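Numbering (our numbering), first residue to last: 11 to 169.
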C-alpha cells in the first residue's frame with residue numbers, strides 16, 4: 011500500500027503540524043490541503059489555519075481600500091489639476107477600477123465593505139492628493155464629490 015502525500019510528509023517530519031507551519035509554510039499549506047482532501051480533519055492544524063483564513067480576509071479588505079484610495083486620489087487630481095491630466099492617470103483609474111470589479115466578482119460580500127470604508131478612504135485620498143499635487147488639503151472638499159457608484163463606473167470622469 012502506498013503512502014499518501016500527507017502520510018509521507020508526516021513520516022519525514024516527526025513534528026507537529028504547527029511546527030511544520032513555522033519551518034516550511036508552503037509544505038504546511040500542501041499538507042493541510044491534502045489532509046482536508048482525505049477527510050483527516052482531526053490532524054488539521056486548526057489554530058494556524060484559522061489565522062491564515064483571517065489573514066486572507068484582511069488582505070482582501072486591505073487591497074480593496076488601497077485600490078479605492080488610488081482611484082479617489084486620481085479623480086481628485088483629475089479635477090484639481092486639469093492642466094496635468096495624462097493618459098497615465100486615466101490608465102491608473104481604469105486599472106484600479108478593474109481590480110475592484112474583479113474583487114467584487116470573486117467576493118461579492120466585499121461590496122458591503124466598500125460602502126463601509128468609502129468615506130474613510132476618501133479622507134486618505136484627500137491627503138494623498140494634497141501630497142502629490144502640492145495643494146493644501148483644504149482645497150479638496152471634505153465630503154466626496156464622487157458617489158461610490160461613480161467611482162466604480164468604468165466610463166465616469168469628472169467634468
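Note that CB positions come from ideal geometry on N, CA and C, so glycine has one too. Bear in mind the structure is a predicted one, so any value in this text is a computation, not a measurement.
Return helix, strand or coil for residue i, following the three-state DSSP convention.
| i | result |
| --- | --- |
| residue 24 | Annotation note: pLDDT 46 at residue 24 (below 50); position unreliable, coordinate value reported separately. Of the three classes helix, strand and coil, the one that applies to residue 24 here is coil, per DSSP. |
| residue 48 | coil |
| residue 166 | coil |
| residue 150 | coil |
| residue 34 | coil |
| residue 117 | coil |
Taking 8 Å as the threshold (C-beta atoms), are residue j and residue i in contact?
| i | j | result |
| --- | --- | --- |
| residue 96 | residue 125 | no |
| residue 121 | residue 114 | yes |
| residue 147 | residue 140 | yes |
| residue 71 | residue 123 | yes |
| residue 135 | residue 66 | no |
| residue 100 | residue 162 | no |
What residue range does the alpha helix (DSSP H) around residue i cover?
| i | result |
| --- | --- |
| residue 68 | 56-90 |
| residue 142 | 120-143 |
| residue 156 | Element bounds for residue 156: n/a, residue is neither H nor E. |
| residue 94 | Per DSSP, residue 94 belongs to no alpha helix (DSSP H) and is neither H nor E. |
Taking only heavy atoms of the ligand COA into account, decide whether any of them is closer than 7 Å to the Cβ of residue i.
| i | result |
| --- | --- |
| residue 31 | Annotation note on the ligand COA: not contained in the displayed structure, which lists no ligands. |
Indicate whether the contact test is met: 3 or more Cβ pairs, each with one atom in the region 69-86 and one in the region 101-114, closer than 8 Å.
yes
Does the region 30-49 come within contact of the region 82-101, defined as at least 3 CB pairs closer than 8 Å?
no
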